[in-house]
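What follows is a set of notes on a single structure, which appears directly below.
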């Protein structure tokens with residue numbers, strides 16, 4: 006009786022287990038697809054004709070395949086190329102500068118002999134609690150520093166993240182102290198220890214924070230919204246914003262093309278979006294694990 | 121001899137001091153000077169007279185702000201939207217983490233993770249494009265779907281009542297996968313012996329989750345909720361501005377403090393109103409952070425910010 010009962014419940018568990026796993030995977034698959042569908046819709050629209058979108062709306066697969074939108078966008082490629090140039094420049098230069106400044110500071114704060122490390126940590130920390138808000142920053146940057154409409158405004162105001170400095174500090178604190186002290190006894194100065202030991206020894210952590218910093222610069226459109234009027238300086242993300250909000254950009258573009266061709270307005274917008282997503286999606290494939298580790302670091306360690 | 125003491129001090133502190141300088145100056149200029157700039161809210165700011173030269177007018181800007189209907193609207197929208205974001209975000213992240221925790225097979229779990237994290241890495245401008253592709257009147261995906269079901273298309277960008285829901289979905293779409301990582305990390309840290317023991321006692325998966333996993337997660341959930349509460353007064357400007365395309369027809373439910381400050385400053389040119397709303401946000405936000413942190417520290421000092 007009990008044996009039979011066990012056999013039955015055993016089979017029951019197998020069936021339940023199978024059904025459960027199926028359901029589990031189904032739900033996760035649907036959630037994953039929900040995350041991917043918007044990307045597919047945008048890519049599909051960028052390869053459609055304006056007429057097909059007018060007739061069928063947005064679809065997952067282009068009804069009438071066409072590359073006109075890309076030809077149209079790249080026909081006047083100087084603006085797109087310029088925006089790409091600006092984005093790449095601020096991403097690389099900004100992240101490099103930002104990482105240098107933040108890790109130098111974090112290293113200094115990790116040194117026990119540094120008598121100001123407590124008050125300075127509080128100085129950093131307080132910026133995470135209280136901020137003056139948009140208006141004073143706006144007036145400072147436009148009326149006093151006059152760095153609006155320069156590339157500096159895209160790099161400097163967001164260069165130091167208090168949170169990141171404090172996370173970087175914990176990386177340096179975790180380094181084996183005897184090692185650094187031994188180097189000091191051998192006559193190495195703080196600068197040498199920093200560049201030749203502390204940095205190489207914390208590469209994984211630095212790489213993660215560095216990637217997030219680069220992502221922040223690449224995705225920044227807000228600073229440009231506030232402080233740039235010169236189209237020459239627009240980064241990709243802000244150009245994308247401008248395109249969404251005005252058709253003028255395209256109408257100017259059409260004068261370059263022959264007047265007989267109707268511009269593919271919707272597909273052209275979407276192809277711009279694809280061009281902006283491209284590098285991120287590409288990088289994401291390779292550095293995903295650093296990102297994930299970084300999220301863990303940020304959420305648990307901090 | 122004081123000179124020698126200075127030299128001794130510099131021997132230890134000189135290099136760290138110089139290393140700290142660039143970052144110190146950056147925060148001084150871009151964080152601390154603006155903090156003192158909140159005095160603008162108490163002045164009748166004029167560009168030609170500068171911050172210090174402009175006339176003091178006491179609380180005039182604040183009286184003006186709080187006597188208008190807009191103060192109630194932006195406060196209500198900021199707090200209610202955040203409330204729904206926090207609640208749904210927590211639930212969705214938890215569910216995703218619980219499901220991910222049960223997935224067997226490395227390839228599958230890699231795929232789910234990759235797909236669900238991807239939205240975290242794109243900018244809000246692009247999310248704005250996605251929302252537009254879904255919702256625009258003539259050829260949006262949703263309206264086509266409605267029409268194929270024999271329903272009338274909806275003017276999404278003209279009807280404010282739908283937007284709290286739309287923003288909640290947008291927020292979930294972008295943050296769900298990212299938010300689940302923390303909970304997943306905690307779950308992976310749970311001692312497998314608990315589950316073994318429960319299995320021997322005949323507990324099924326559901327009971328295991330109910331009686332082991334969730335209780336182990338309670339502390340972190342409480343902490344996350346409290347920390348989120350500290351940010352209740354800060355809205356996500358990027359999301360709301362891009363998803364709604366800053367349309368005035370949607371202001372009744374989507375205008376938050378941050379979008380209002382932006383508009384008052386750059387579109388209406390009402391410096392006093394913008395500054396007053398900004399200070400209001402900073403001060404209440406500060407109080408909330410302090411309060412939530414005080415509560416967190418009482419529960420788990422390890423997790424408090426200070």
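Residue numbers (our numbering), protein chains in the order written: chain A, 6 to 307; chain B, 121 to 426. Even glycine gets a Cβ: it sits at the ideal position worked out from N, Cα and C.
Could you work out which residues of chain B lie near residue i, taking near to mean beta carbons separated by less than 7 Å?
i: residue 32 of chain A; result: 219
So, residue i versus residue j, is the Cβ gap smaller than 7 Å?
i: residue 366 of chain B; j: residue 248 of chain B; result: no
i: residue 288 of chain A; j: residue 78 of chain A; result: no
i: residue 141 of chain A; j: residue 157 of chain B; result: yes
i: residue 396 of chain B; j: residue 182 of chain B; result: yes
i: residue 103 of chain A; j: residue 240 of chain A; result: no
i: residue 69 of chain A; j: residue 54 of chain A; result: yes
i: residue 95 of chain A; j: residue 222 of chain A; result: yes
i: residue 106 of chain A; j: residue 405 of chain B; result: no
i: residue 340 of chain B; j: residue 288 of chain B; result: no
Using alpha carbons as the reference points, say which of the options lies closest to residue i.
i: residue 310 of chain B; options: B:218, B:336, B:225 and B:283; result: B:336
i: residue 120 of chain A; options: B:208, B:206, B:132 and B:256; result: B:132
i: residue 293 of chain B; options: B:244, B:403, B:400 and B:312; result: B:244
i: residue 138 of chain A; options: B:187, B:399 and B:419; result: B:399
i: residue 229 of chain A; options: A:80, A:276, A:154 and A:54; result: A:154
i: residue 66 of chain A; options: B:280, B:290, B:184 and B:261; result: B:261
i: residue 97 of chain A; options: A:24, A:164 and A:112; result: A:164
i: residue 187 of chain A; options: A:227, A:221, A:218 and A:203; result: A:203
i: residue 217 of chain B; options: B:328, B:373 and B:297; result: B:297
i: residue 175 of chain A; options: A:24, A:83, A:25 and A:115; result: A:115
i: residue 313 of chain A; options: B:165, B:395, B:302 and B:253; result: Chain A is shown only over 6 to 307; residue 313 of chain A falls outside these bounds and no answer can be derived.
i: residue 338 of chain B; options: B:303, B:129 and B:145; result: B:303
i: residue 218 of chain A; options: A:70, A:295, A:58 and A:278; result: A:295
i: residue 71 of chain A; options: A:214, A:48 and A:124; result: A:48
i: residue 216 of chain A; options: A:83, A:101 and A:194; result: A:101
i: residue 343 of chain B; options: B:155, B:417, B:258 and B:127; result: B:417
i: residue 267 of chain B; options: B:401, B:255 and B:280; result: B:255
i: residue 277 of chain B; options: B:308, B:374 and B:265; result: B:374
Applying a beta-carbon distance threshold of less than 7 Å, which residues of chain A neighbour residue i?
i: residue 401 of chain B; result: 138
i: residue 136 of chain B; result: 113, 116, 119 and 195
i: residue 171 of chain B; result: 144
i: residue 140 of chain B; result: 110, 113 and 125
List the residues of chain A that residue i touches, going by C-beta distances under 9 Å, in chain order.
i: residue 382 of chain B; result: 139, 230 and 231
i: residue 409 of chain B; result: 133, 134 and 135
According to DSSP, residue i sits in a beta bridge with which residue or residues?
i: residue 175 of chain B; result: B:164
Any heavy atom of the ligand COA closer than 6 Å to the beta-carbon of residue i?
i: residue 71 of chain A; result: Of ligands this structure carries none, so the ligand COA is not represented either.
Between the alpha carbons of residue i and residue j, how many angstroms are there, rounded?
i: residue 295 of chain B; j: residue 410 of chain B; result: 25 Å
i: residue 224 of chain A; j: residue 170 of chain A; result: 21 Å
i: residue 376 of chain B; j: residue 226 of chain B; result: 42 Å
i: residue 238 of chain A; j: residue 234 of chain B; result: 33 Å
i: residue 412 of chain B; j: residue 133 of chain A; result: 14 Å
i: residue 19 of chain A; j: residue 231 of chain B; result: 26 Å
i: residue 177 of chain A; j: residue 192 of chain A; result: 20 Å
i: residue 118 of chain A; j: residue 156 of chain A; result: 38 Å
i: residue 379 of chain B; j: residue 356 of chain B; result: 9 Å
i: residue 168 of chain A; j: residue 130 of chain A; result: 8 Å
i: residue 325 of chain B; j: residue 205 of chain B; result: 29 Å
i: residue 140 of chain B; j: residue 275 of chain B; result: 54 Å
i: residue 148 of chain B; j: residue 184 of chain A; result: 34 Å
i: residue 30 of chain A; j: residue 22 of chain A; result: 12 Å
i: residue 123 of chain B; j: residue 150 of chain A; result: 38 Å
i: residue 81 of chain A; j: residue 59 of chain A; result: 25 Å
i: residue 26 of chain A; j: residue 316 of chain B; result: 19 Å
i: residue 351 of chain B; j: residue 73 of chain A; result: 46 Å
Determine the chain B residues that contact residue i at a beta-carbon separation under 8 Å, and present them in chain order.
i: residue 170 of chain A; result: 143
Could you list which residues in chain B have their beta carbon closer than 9 Å to that of residue i, in chain order?
i: residue 173 of chain A; result: Those do not exist, as residue 173 of chain A stays about 11 Å from chain B at its closest Cβ, beyond 9 Å.
i: residue 219 of chain A; result: Those within 9 Å of residue 219 of chain A in chain B number zero; the least Cβ separation is about 11 Å.
i: residue 238 of chain A; result: Within 9 Å Cβ-Cβ: nothing; residue 238 of chain A doesn't reach chain B, min ~17 Å.
i: residue 215 of chain A; result: Under the 9 Å cutoff, chain B gives no residues; its nearest Cβ is about 15 Å from residue 215 of chain A.
Please list the partners that residue i has in chain A, where partner means a Cβ-to-Cβ separation under 8 Å.
i: residue 154 of chain B; result: 136, 137, 138, 141, 142 and 145
i: residue 238 of chain B; result: 40, 41, 44, 286 and 289
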